[in-house]
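Asks:
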Amino acid sequence: MSLKKEGVARRVVVLGTGGTIAGSAPNARDNLGYRAACLTVEELLAHLPPDACPLHAEQVAQIDSKDMEFGVWKALALRCAHWLAQDDVQGVIVTHGTDTLEETAYFLHRLLAWRKPVVLVSAMRPATALAPDGPQNLRDAMALVRTPGACGVLVVCAGRVHGAQDVRKEHTYRLDAFGSGDAGPVAYVEEGAVRQVRGWPCAAPDGRSLERVARITELPRVDIVLSHAGADGRIVRALLAQAPSVRPQGVVVAGTGNGSIHSALLAALEQAQAENVRVWRTTRCAYGPVLPAGEHPLPAARELSPVKARIELMLELAGA
Ligand code: SIN
């Protein structure tokens, strides 16, 4: 009989990956001179007040998220898919660094289809700081994961809840470092209560999450190039000149404004496209999609930021 049927509190699984939330500094007054990924996920949970909800913790990785790699993404997605499939698990929390959190969130969002929440939680100050933000963010993540109906891949930071599709790190220093652009947050966590303001970003469950993740053995190489004043096509031509084994199968260009591209860079990107490299166009602007504006030789990735478009293109090329 499942725990749920007996009316016993359902489990929450916490997967640790490192980041500043698990960071340590030699001086408690120093919020910047620290090393990320020092404390284990069990150590982070030890500081939470006792809770009726049973927790299960696992350390999937212990890294500064700037060093995020496909291997960690895959291990994390497999553990999420495993735990979400358990009847007695209410949801999964992932502790993560802020720097590439939006990429991990998008990767998980694309591969996991469950009516349960996966909540990514981070911090801007190390765990050893005089006033760390991690413990409060973790408490908010607990409140969110246990909210009836909450589902999809969510990010909670400084009391705001963002969907994986929209979330973006917007600030280098402030505790409230994430935003959802025009879409705005999905919910707020206030004194432990979740106030939902728009629909949860759930994907229709199809029972194939585990298989979908397991099938991907590697992600094809996709690079990002930026259009800017004085941009030329040299970087793109250098990529095209690489040996076939390392040559990118895709390039995402972060254009200016509504996805416009310096004409010299555009010529090189068109050459790449002619040589069977998939080229997608995004914008380097923080807000707004690339809107259709007449004919353009390069397809637009619409509302996806450059880093998320790169993940989308890698997954598409991998057939996922
Ligand atoms: C990281 O992304 O792992 C370090 C920075 C942070 O978590 O804020």
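Heads up, the sequence shown is in our numbering, so the first residue is 20 and it goes up one at a time. Just so you know, even glycine gets a beta-carbon here, dropped at the ideal spot from N, CA and C. Given the structure is predicted, the values throughout are model-derived calculations rather than measurements.
(1) Locate the alpha helix (DSSP H) running through Glu-237, then write down its first and last residues.
(2) Please tell me whether, using a cut-off of 7 Å, the distance from the CB of Met-333 to the nearest non-hydrogen atom of the ligand SIN is below it.
(3) I need the boundaries of the alpha helix (DSSP H) containing Val-91, first residue and last residue.
(4) On the DSSP bridge list, what partners appear for Trp-299?
(5) Going by the CB atoms, is the gap between His-101 and Gln-184 shorter than 8 Å?
(6) Nearer than 7 Å: is that true of the beta carbon of Thr-117 relative to any heavy atom of the ligand SIN?
(7) Going by the C-beta, is Thr-275 closer than 7 Å to any heavy atom of the ligand SIN?
(8) Between Val-255 and Pro-267, what straight-line distance do the alpha-carbon atoms span, to the nearest angstrom?
(9) Spatial neighbours of Met-20 within its chain, please: C-beta separation below 8 Å, excluding the five flanking residues on both sides.
(10) Can you have a look at Tyr-192 and say buried or exposed, based on whether 16 or more other CB atoms are within 10 angstroms of its CB?
(11) Bridge partners of Glu-77, per DSSP?
(12) So what does DSSP say about Ile-280, is it helix, strand or coil?
(13) What would DSSP say about Gln-155, mapped onto helix, strand or coil?
(14) Under the criterion of a Cβ to heavy atom distance below 7 Å, does Thr-39 qualify as lining the ligand SIN?
(15) Is it true that the region 132-152 meets the region 50-62, where meeting means three or more beta-carbon pairs spaced less than 8 Å apart?
(16) Just the Cα atoms here: how many angstroms apart are Ala-319 and Pro-311?
(17) Using 8 Å as the threshold, is the region 104-117 in touch with the region 130-143, meaning 3 or more CB pairs across them?
(18) If I follow the unbroken beta strand (DSSP E) through Leu-173, where does it start and stop?
(19) Measure the Cβ-Cβ separation of Leu-288 and Val-265 and say whether it is below 8 Å.
(20) For Ala-183, name the three-state secondary structure that DSSP assigns.
(21) Can you grab the Cα-Cα spacing for the pair Thr-275 / Ala-94, in whole Å?
(22) Where Leu-163 and Val-208 are concerned, what is the direct C-alpha to C-alpha distance, given to the nearest angstrom?
(23) Relative to the alpha-carbon of Val-309, which residue among Ser-282, Leu-194 and Val-272 has its alpha-carbon at the smallest distance?
(24) Cβ of Ser-141 within 8 Å of Cβ of Leu-120?
(25) Assign Ser-282 to one of two classes, buried (16 or more other C-beta atoms within 10 Å of its C-beta) or exposed (fewer than that).
(26) For Lys-24, which residues from the same chain have a beta carbon less than 7 Å from its beta carbon, with the 5 sequence-adjacent residues on both sides left out?
(27) At the level of alpha carbons, what is the spacing between Ser-246 and Thr-117?
(28) Nearest by alpha-carbon distance to Lys-85: which of His-190, Ala-55 and Thr-166 is it?
(29) If you follow the alpha helix (DSSP H) that Thr-123 is part of, which residue opens it and which one closes it?
(30) Hey, Thr-123 and Trp-92 are a contact pair by Cβ (cut 8 Å); roughly how many whole angstroms apart?
(31) Just to confirm, does Ala-55 get its C-beta within under 7 Å of one of the non-hydrogen atoms of the ligand SIN?
Replies: Taking the coordinates as given:
(1) Here Glu-237 belongs to no alpha helix (DSSP H), and DSSP marks it neither H nor E.
(2) Outside the cutoff, so no.
(3) Here the alpha helix (DSSP H) through Val-91 covers 89-103.
(4) Looking at the DSSP assignment, Trp-299 forms a beta bridge with Val-271.
(5) Cβ atoms of Gln-184 and His-101: not closer than 8 Å.
(6) Result yes, Cβ under 7 Å from the ligand SIN.
(7) No, the beta carbon of Thr-275 sits no closer than 7 Å to any heavy atom of the ligand SIN.
(8) Distance between the alpha carbons of Val-255 and Pro-267: 10 Å.
(9) Because the pLDDT at Met-20 is just 34, under 50, the model does not fix this residue reliably, and the point stays unresolved.
(10) Tyr-192 is exposed by the Cβ-count criterion.
(11) Looking at the DSSP assignment, Glu-77 forms a beta bridge with Leu-34.
(12) Ile-280 carries a coil assignment under DSSP once its states are collapsed to helix, strand and coil.
(13) The answer is helix: DSSP assigns Gln-155 an H, G or I state.
(14) Relative to the non-hydrogen atoms of the ligand SIN, the Cβ of Thr-39 comes within a distance shorter than 7 Å of at least one.
(15) Yes, since at least three Cβ pairs between the region 132-152 and the region 50-62 fall closer than 8 Å, the two stretches touch.
(16) Here the alpha carbon of Ala-319 sits roughly 8 Å from the alpha carbon of Pro-311.
(17) Enough Cβ pairs lie closer than 8 Å, so yes.
(18) Residues 171-176.
(19) Going by C-beta atoms, Leu-288 is not nearer than 8 Å to Val-265.
(20) Ala-183 falls in the coil class under three-state DSSP.
(21) When rounded, the distance between both Cα atoms is 35 Å.
(22) Roughly 7 Å between the two C-alpha positions.
(23) Nearest to Val-309 by alpha-carbon distance, out of Ser-282, Leu-194 and Val-272, is Val-272.
(24) Result yes, Cβ atoms of Ser-141 and Leu-120 sit closer than 8 Å.
(25) That one is exposed.
(26) Any reading at Lys-24 is ruled out, since the residue's pLDDT is 43, under 50, leaving its predicted position unreliable.
(27) Going from the Cα of Ser-246 to the Cα of Thr-117 covers about 25 Å.
(28) Comparing Cα-Cα distances from Lys-85 to each of His-190, Ala-55 and Thr-166, the minimum goes to Ala-55.
(29) Per DSSP, Thr-123 belongs to the alpha helix (DSSP H) from 120-130.
(30) So it is a contact: roughly 6 Å between Cβ atoms.
(31) Correct: Ala-55 has its Cβ closer than 7 Å to the ligand SIN.
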